[in-house]
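**Student:** Quick note on the working numbering: the sequence shown kicks off at 43 and runs consecutively.
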Amino acid sequence: MTDQKKNDIAFDALLTEEREFPPSSSFTAKANISDDSIYEIARKDPEGYWASWAEQLDWETPWTKILEWDPPHAKWFVGGRLNASYNCLDRHLDKNGEKTAIIWEGEPGDTRRYTYRELHAEVSRFANGLKKLGVELGDRVAIYLPLIPEAVIAMLACARIGAVHSVVFGGFSAESLRDRIQDAEAKILITATSGYRRGNPVPLKKVGDAAVEECPSITNVVVVMRRAAAEEAEETINMHPGRDVWYHDVIRSAEEHCPPTWVDSEQMLYTLYTSGTTGKPKGIIHTTGGYLTGCYATTKWVFDLKPDDIFWCTADIGWVTGHSYVVYGPLANCATVLIYEGAPDWPKKDRMWELVEKYGVTIFYTAPTAIRAFMKWGHHLPDGHKLDSLRLLGSVGEPINPEAWIWYHKYIGGERCPIVDTWWQTETGAIMITPLPGIVATRPGSATRPFPGIEAEILNDAGERTPVGGGYLALTRPWPSMLRGIYRDPERYEAQYWSKWKGIYFTGDGAKRDENGYFWLLGRVDDVINVAGHRIGTMEVESALVDHQSVAEAAVVGISHEIKGTAIAAFVIIKESAREAAQKDPVAFENELKNHVATKIGAIARPEKILITADLPKTRSGKIMRRLLRDIAEGRRLGDVTTLADPTVVASLKERYEDEG
Ligand code: PRX
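(1) Which residue marks the beginning of the alpha helix (DSSP H) containing residue 218, and which one marks its end?
(2) How do the segment 466-475 and the segment 512-524 stand: do at least 3 beta-carbon pairs fall below 8 Å, yes or no?
(3) For residue 612, which residues does DSSP report across the bridge?
(4) Roughly how many whole angstroms lie between the Cα atoms of residue 706 and residue 659?
(5) Any C-beta of chain D sitting closer than 9 Å to the C-beta of residue 512?
(6) How would you call residue 56, buried or exposed, if buried means at least 16 neighbouring beta carbons within 10 angstroms?
(7) Between residue 362 and the ligand PRX, is there a pair consisting of the residue's CB and a ligand heavy atom that are separated by less than 8 Å?
(8) Let me know the secondary structure DSSP gives residue 401 once reduced to three states.
(9) Nearest to residue 319 by alpha carbon, out of 198, 206, 534, 212?
(10) Using a 10 Å radius around the Cβ and a threshold of 16 neighbouring Cβ atoms, would you call residue 272 buried or exposed?
(11) Could you check whether residue 200 and residue 169 sit closer than 9 Å to each other, using their CB atoms as the reference points?
(12) Counting beta carbon pairs with one atom in the segment 640-651 and one in the segment 565-585, are three or more of them shorter than 8 Å?
(13) Any chance you could list the beta strand (DSSP E) runs of at least 3 consecutive residues sitting entirely within the segment 332-378, in chain order?
(14) In the DSSP output, which residue or residues are listed as bridge partners for residue 492?
(15) Whole angstroms are fine: how far does the CA of residue 382 sit from the CA of residue 242?
(16) May I ask you to list the residues that DSSP assigns as paired with residue 563?
(17) Alpha carbons only, please: which of 134, 516, 372, 653 is nearest the one belonging to residue 100?
(18) Count the other C-beta atoms from every protein chain shown that fall within 10 angstroms of the C-beta of residue 188, then say buried if there are 16 or more, exposed otherwise.
(19) Counting C-beta neighbours from all protein chains within 10 Å, is the total for residue 443 16 or more, i.e. buried, or is it exposed?
(20) For residue 117, which beta-bridge partners are listed by DSSP?
(21) If I follow the unbroken alpha helix (DSSP H) through residue 136, where does it start and stop?
(22) Below 8 Å, how does it come out for the segment 329-341 and the segment 539-552: are there three or more Cβ pairs, yes or no?
(23) With H, G and I counted as helix, E and B as strand and the rest as coil, what does DSSP make of residue 90?
(24) The ligand PRX and residue 489: does the residue's C-beta get closer than 8 Å to at least one heavy atom of that ligand?
(25) Rounded to the nearest angstrom, how far is the Cβ of residue 13 from that of residue 464, given a contact under 8 Å?
(26) Within 8 Å: the Cβ of residue 525 and any heavy atom of the ligand PRX?
(27) Closest by CA to residue 531, which one among 656, 313, 411, 460?
(28) Taking the straight line between their C-alpha atoms, what separation do you get for residue 408 and residue 387?
(29) Alpha helix (DSSP H) containing residue 280: first to last residue?
(30) For residue 317, tell me which candidate among 91, 467, 71 has the shortest Cα-Cα distance.
(31) Could you give the residue range of the alpha helix (DSSP H) that holds residue 202?
(32) For residue 173 and residue 321, I'd like the C-alpha separation in whole angstroms.
(33) Would you please state the rounded distance, in angstroms, between the beta carbons of residue 195 and residue 164? I believe it to be under 8 Å.
(34) Taking 9 Å as the threshold (C-beta atoms), are residue 64 and residue 740 in contact?
(35) Have a look at residue 193 and residue 127 and give me their C-alpha separation to the nearest angstrom.
(36) Exposed or buried, residue 678, counting other C-beta atoms within 10 Å across all chains shown (16 or more means buried)?
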């Protein structure tokens, strides 16, 4: 409840946000959806409404029942058979075979384009190649690639033959990759020689090799040669005989004709690992028919996607945003998608705006953390580029602060582009709360209303509904793109999402609804930290710290950060044996701990602050008092405290907080 109290305070500031931005009449006139009666239509008959979306996909066998809901297990479009890659590729070929599907730019400036026909051919070849390597329906394939076209090709090739992809973000460490491969028991790993980040090649193959050493399920590693610079072709890559194969060899020897494998609507399309409150990351399961329906519908209406749009979602393929809004949503809609491999500030801080101008991007979807960085770098950078091709902007991953919203609106959107602040999760598969840009007036900081066909409520612990006010955000009706489970862990699926209230999905987020029915997201209410829009479990970072030889105990909390929104602060009790080293060179010691976490999990989990302490404040039942730690880490009560060596400080604070309740 303490978190709730804190959130309410944060919300008071937002309440003063009264600026409203109704859609312009010119936007509404051309919008894909402009009649707000759709909300009521969907509310009255959600199943019929979702079926009307599913009908816009191509099915080999029609479904016999729209929804089978046996809480918490849902089946959508029961009995239907389809193929996701067919829906993203084949069905467009007659009319749009020569349309550009993917425009890709690598960080060093190399570019490639694929028409739908070319993409279809490459996906088919690779799908045949995977079959030759023994991949069958339901087998898991791990994908650990930079943001290059082969990442999309690999995903669609898996989908084509009914294999389950498990994409692991290229920034994750060997251990994180290993854990995910082991959990999914993947048969194949697809990786690349390297990717580019801020001018440096990132040695993915080496990380992959280290991971695979402890993965007996892997029979082959497919390696994409990332030829950005001539010298890289000469770089010696250690190819493991009998196990490693070059992607280009697989493609070269494969046939182009590969009929899609028709799968059941409920066939698993992919697993994607994400952090939860306890234990290791969990493999979220998405299936085919419902997931594709959700991605297709939201892409069309939330982004108001039109045939001649150039759609750029800046997310990496390693996150759900990349799955739903780089690959499945846009390609099922026959869009032209821009993909950029590298960092936004390389070689200069205007790279994104250069790309928008160069390719005439019309729809731009990014994260608040990026917007805050752009803000910091200054509006002279976007001002130096022609951005008038843009007609719609989106935000995702964390709450957007009104200041960043207004900056985005003014300097990127030229005060003419609607902004869609989209709330959703890996688990929801597709956007859940969002403005429809031709209908809903936006307010900076609010994700506004549930997408038609989605029902969201603010509930308290007892499951009572709060029409206006704050509480837990819940989704009260099943939706087609909902997760179907956690890979190999049905109990955790029930416990994590469905045990708080019966038959109602618990999001793990706090939110408030105002008198207009608008939702304002307030952040996580559990032990998950949203760092720069990416979920990190406090438990994972704590285990990584305790894994270091000098650390006895650790507690991790999220603290406010100018760019990342939230950053990680770690309170660490060190072992007696490490005391001397810590005192001698505290900076080096702290860096060593930070690097240890980055090596164990990946750079995104690297703590911003390490606070060495002699004690950790715990409740009588032994639960760490995270709110108190957050206050200390942010210096709210103690000024700029960097080291908490005196146990009495914690003890006295603990007492004070306990008194305050
Ligand atoms: O806390 C919410 C936040 O991100 C969480 C989901 O993280 P993940 O599964 O990694 O997916 C991120 C991309 C969909 C949510 O529980 N979140 C996401 N979008 C928003 C948001 N918080 C506020 N506003 C948003 N628009």
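Even glycine gets a Cβ: it sits at the ideal position worked out from N, Cα and C. Source: prediction; values computed, not measured.
**Tutor:** If we stick to the structure as given:
(1) 216-226
(2) yes
(3) 598, 652
(4) Here the chain covers residues 43 to 703 and nothing more, so residue 706 does not appear.
(5) Annotation note: the requested chain D is absent from the structure, which comprises a single protein chain.
(6) At residue 56 the pLDDT is 49, less than 50, meaning the model places this residue with poor confidence; the figure from the coordinates comes in the next sentence. With 16 or more other Cβ atoms within 10 Å, it is buried.
(7) yes
(8) helix
(9) 534
(10) Annotation note: pLDDT 43 at residue 272 (below 50); position unreliable, no value reported.
(11) yes
(12) yes
(13) 352-355
(14) 475
(15) 15 Å
(16) 553
(17) 134
(18) buried
(19) buried
(20) 110
(21) 135-138
(22) no
(23) helix
(24) yes
(25) Summary: the structure shown does not reach residue 13, with the chain confined to residues 43 through 703, and so no result is reported for it.
(26) no
(27) 313
(28) 15 Å
(29) Unbroken run through residue 280: none, as it is neither H nor E.
(30) 467
(31) 191-202
(32) 34 Å
(33) 5 Å
(34) Because residue 740 is not part of the residues shown, which for the chain are 43 to 703, the question remains open.
(35) 14 Å
(36) exposed
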